[in-house]
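Take the first sequence: its letter number 349 is residue 349 in our numbering, and every next letter is one higher. The C-beta atom is built at its ideal place from N, Cα and C for all residues, glycine as well.
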Amino acid sequence: MPDECWVFKGQRLFCVFLPCKDQPMIKDAIAGNFVKAVRELYGQEISVSDGLVQKTRREFEGDYTINVFPCLKYSRKKPEATGQEVGDFLKDRMDEIGRFNVIRGFLNLVLREGFWKDFLEKNHADADYGLHAGKPASDMVVVEFSSPNTNKPLHLGHIRNNLLGWSVAEILKANGYPVRKVNLVNDRGIHICKTMVAWEKWAEGKTPGSAGKKGDQFVGDLYVRFDREHKAEVNAMTEEGFEKGEAEKNSPLMITARHMLRKWEQGDEQVMALWDRMNRWVYEGFDETYARLGIDFDKIYYESDTYLLGKEIVKKGLKDGVLFSKEDGSVWCDLSEEGLDEKLLLRPDGTSVYMTQDLGTARLRYDDFHPGRLLYVVGNEQNYHFEVLKIILKKLGLSWAGNITHISYGMVELPSGKMKSREGTVVDADDLMDEMFERARKTTSELGKLEETEGEEAMELFRKIGLGALKYFILKVDPKKNMVFNPGESIDFNGNTGPFIQYTYARIQSLLRKAAERGMDDASRAPAGEAGLVGKERNILRILYEFPETIAGAGEKYNPAILANYVYELAKEYNQFYQEVPVLRAGDKETAIFRILLSKMAGTVIRTSMKLLGIEVPERM
RNA sequence: GGUCGCGUAGCUCAGCCGGAUAGAGCAACGGCCUUCUAAGCCGUCGGUCGCAGGUUCGAAUCCUGCCGCGAUCACCA
């Protein structure tokens with residue numbers, strides 16, 4: 001049985017992970033026996049569908065539920081009678097099922113307490129619980145994300161990209177896939193030349209060091225300066241009677257920038273030296289921001305190294321008759337078969353466009369890693385680009401084109417709409433992190449939690465909490481949806497937030513420290529013997545049990561939000577348990593130890609979940 | 001205009017491979033700290049799931065049409 005399979009849904013090829021098989025899932029066993037029940041009781045062959053066995057809803061008694069409505073036509077009996085028959089059948093075959101009840105068409109199965117106790121006993125000490133077995137190198141996944149331009153500092157939109165890409169990569173690792181995180185830096189082009197022109201004209205020889213600025217901010221300011229001066233020129237020109245588009249193209253500044261670009265492409269020594277110097281400033285700034293965000297890469301590609309690669313592929317495509325050229329010498333791909341337009345791949349002067357480069361970098365990346373899949377975390381404004389990219393690669397006969405997936409995500413918007421640099425509403429990544437740390441500091445002191453922590457340790461805590469709030473806020477939202485960030489109402493620390501989950505973890509650790517002090521952490525004495533499970537314990541165990549399949553699901557959908565919502569659910573359930581059920585003060589020692597182990601495992605799962613989201617958890621807060 | 005995506009409580013979001021009375025958090029209001037961390041817990045208030053049809057025993061969920069918002073359809077990246 002393979003661990004994954006490829007399926008067609010509509011026009012697109014998707015990779016489907018089968019649920020975790022590392023340990024047999026009780027749901028699968030129930031489903032299998034249900035099929036058997038229908039066969040033996042009613043002489044009908046049915047197939048297992050995904051939603052056959054569901055978790056029992058909170059308000060009813062039971063762990064898993066089967067809806068028997070669909071098989072009434074086979075049983076020719078009332079829902080209650082059918083449920084009863086099937087329930088009896090399942091209970092006879094499966095030791096795990098303790099009892100069941102039927103309400104309307106719903107068969108609610110209650111698992112024996114022994115099942116849950118076994119589960120806890122086997123897994124509470126496993127620090128890697130939930131992670132899946134490793135897969136071979138042929139299953140490698142390359143994830144591209146971040147992909148910044150070197151003319152602007154990172155902003156909130158980049159943060160979403162970085163967090164998503166990094167988390168998806170980690171989640172895939174947790175599913176056993178070898179993963180390579182790669183970044184493709186756009187370090188060339190007219191926009192870079194604009195910053196260089198601006199530096200020469202207005203910087204008066206200043207450097208980030210002498211200006212006391214981060215390198216990326218320093219260069220970003222130059223880009224803004226260019227834009228402003230350029231606009232002034234354009235305005236002056238239009239007043240003199242130039243047509244606006246003409247003025248924008250041919251203002252003195254633009255001419256200078258284009259001149260710079262030509263020199264760059266010719267490898268002019270002075271231009272290259274300046275370019276190199278300014279890029280280094282930017283990278284120093286980026287590195288700092290990445291480090292603060294906790295983002296890292298296995299390999300960084302630079303467009304200046306790769307931008308010519310696509311041409312070769314295009315030339316071959318032209319020779320093979322897959323592409324065609326027009327009279328002016330430009331090269332195109334005809335996409336009319338796919339119901340799309342024509343796509344330009346080489347300009348009349350032979351220079352390449354974005355698509356050409358991407359053909360090249362895709363090829364390069366494939367040759368570098370020979371991965372099973374190539375993922376691109378890029379905003380949804382580029383959906384069309386990736387659709388076309390895949391089609392063209394396919395037409396060019398590159399079989400792995402089908403292994404490319406664009407992980408498309410929505411924009412981060414402000415309550416007023418999109419962020420606009422012109423209006424100064426762009427939320428800068430560094431500023432936002434500073435703000436989060438400061439808020440963490442303030443909130444912590446307001447709550448009077450500073451008594452035991454001081455200095456360096458306290459700073460570390462503020463960093464974890466501030467960053468945790470920010471990351472969770474972004475990752476809990478379904479990637480494909482646009483999300484709203486309100487700078488006025490800073491990110492909360494209560495309720496469905498990162499700090500809430502971090503707090504739950506810290507609480508558990510505190511409990512475990514106390515348990516150890518009292519010598520109550522002796523795992524060999526668990527699990528509890530006679531005492532029955534209370535409802536809250538059972539709820540937590542059920543959630544913990546789902547962890548492996550949750551990781552699988554988040555990987556399958558490339559969706560960290562699934563994991564974020566899962567861990568919130570767990571934390572919320574644990575807090576209710578903590579509030580209602582005594583742990584260290586439990587009536588007998590067996591029960592206390594059982595609850596301690598349950599707490600410990602909940603802590604482990606919270607830590608692992610948060611780690612996959614890129615969020616650290618503090619031991620105290 | 002064509003294509004794609006999204007529309008769930010005042011706000012931010014879950015739920016969406018059809019199933020039981022649509023869930024959280026924030027905001028508002030009211031309770032709970034001499035007991036394991038109150039960044040917590042409990043309760044009240046709040047919904048024509050954009051609108052209209054269709055499929056079905058059953059639709060927030062699937063299909064169609066419409067409305068609204070967004071993206072895209074560059075010799076920008």
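Proximal residues to residue i (C-beta, below 6 Å), its chain only, five neighbours per side dropped
| i | result |
| --- | --- |
| lysine 390 | Ala401, Ile404 |
| asparagine 149 | Asn186 |
| aspartate 478 | Ala561 |
DSSP bridge partner residues for residue i (one or two, in chain order)
| i | result |
| --- | --- |
| lysine 181 | Val143 |
| methionine 483 | Val412 |
| phenylalanine 324 | Trp332 |
| arginine 622 | Because the chain spans 1 through 621 in this model, residue 622 falls outside it and cannot be assessed. |
| serine 352 | Leu346 |
| glutamine 54 | Thr65 |
| aspartate 428 | His155 |
| threonine 405 | Leu375 |
| glycine 495 | Answer is none; glycine 495 lacks a bridge partner. |
| isoleucine 295 | According to DSSP, isoleucine 295 bridges with nothing at all. |
| leucine 107 | Ile66, Val102 |
| glycine 417 | Leu414 |
| isoleucine 97 | Leu111 |
| tyrosine 301 | Leu184 |
Closest by C-alpha distance to residue i, when choosing among the options
| i | options | result |
| --- | --- | --- |
| lysine 572 | Arg280, Ile313, Ile501, Ile190 | Ile501 |
| glycine 176 | Tyr129, Thr591, Met601, Lys481 | Tyr129 |
| aspartate 296 | Met433, Ala362, Val143 | Val143 |
| isoleucine 474 | Ala515, Tyr409, Ala174 | Tyr409 |
| glutamate 435 | Glu200, Phe462, Leu414, Leu447 | Phe462 |
| glutamate 381 | Gly360, Met411, Ile392, Leu359 | Met411 |
| leucine 375 | Lys135, Glu248, Asn161, Val353 | Asn161 |
| serine 49 | Asp28, Gly339, Leu613 | Asp28 |
| lysine 311 | Leu274, Gln270, Met355, Asp341 | Met355 |
| phenylalanine 594 | Asp521, Gly87, Trp199, Pro208 | Asp521 |
| arginine 112 | Thr306, Gly532, Val197 | Gly532 |
| glycine 291 | Leu467, Gly157, Ser609 | The amino acid occupying residue 291 in the given sequence is alanine; glycine does not appear at that position. Per the Cα distances, Leu467. |
| glycine 350 | Val314, Met196, Asp367, Asp341 | Val314 |
| proline 499 | Arg441, Glu246, Pro479, Met272 | Arg441 |
| leucine 447 | Met621, Arg258, Gly417, Trp202 | Met621 |
| isoleucine 159 | Tyr558, Asp431, Thr497 | Asp431 |
| lysine 667 | Ala564, Gly209, Ser399 | Nothing can be reported for residue 667, as the shown portion of the chain is limited to 1 through 621. |
Classification of residue i by the beta-carbon crowding that lies within 10 angstroms, buried from 16 upward
| i | result |
| --- | --- |
| threonine 425 | exposed |
| lysine 9 | Low confidence applies here, because lysine 9 scores a pLDDT of 29, under 50, leaving its location unreliable and the question unanswered by this model. |
| asparagine 235 | exposed |
| aspartate 428 | buried |
| tryptophan 264 | buried |
| isoleucine 615 | buried |
| asparagine 123 | buried |
| arginine 365 | buried |
| phenylalanine 324 | exposed |
| alanine 602 | buried |
| leucine 544 | buried |
| glutamine 44 | exposed |
| methionine 610 | buried |
| glutamate 170 | buried |
Close-in-space but distant-in-sequence residues of the same chain around residue i (CB under 8 Å, 5 per side omitted)
| i | result |
| --- | --- |
| valine 110 | Glu61, Gly62, Asp63, Ile97, Gly98, Arg99, Phe100, Asn101 |
| lysine 420 | Val426 |
| arginine 57 | Thr65 |
| leucine 261 | Gly189, Ile190, Cys193 |
| glutamate 200 | Leu274 |
| leucine 512 | Asp521, Ile596, Ser599, Lys600, Gly603 |
| leucine 41 | Ser75, Glu85, Val86, Phe89 |
Close Cβ partners of residue i (< 7 Å) along its chain, the five nearest in sequence each way excluded
| i | result |
| --- | --- |
| serine 138 | Gly372 |
| glycine 105 | Asn67, Val68, Phe69, Pro79, Gly83 |
| arginine 538 | Trp116 |
| glycine 285 | Pro153, Lys214, Gly215, Asp216, Gln217 |
| isoleucine 606 | Ile501, Thr504, Tyr505, Val567, Leu570, Ala571, Val617 |
| leucine 72 | Pro79, Thr82 |
| alanine 586 | Ala592, Arg595 |
| glutamine 357 | Glu303, Thr306, Tyr307, Gly310 |
Anticipated Cβ contact below 8 Å, residue i with residue j, distance rounded
| i | j | result |
| --- | --- | --- |
| phenylalanine 493 | alanine 469 | 6 Å |
| phenylalanine 145 | valine 377 | 4 Å |
| asparagine 383 | tyrosine 301 | That belief does not hold up - the Cβ atoms of asparagine 383 and tyrosine 301 are roughly 22 Å apart, past 8 Å. |
| valine 219 | methionine 272 | Actually they are not in contact, since the Cβ atoms of valine 219 and methionine 272 sit about 16 Å apart, beyond 8 Å. |
Contact test: residue i Cβ vs the ligand MG heavy atom, cutoff 7 Å
| i | result |
| --- | --- |
| phenylalanine 297 | Questions concerning the ligand MG fall outside what the structure shown contains, since it holds no ligand whatsoever. |
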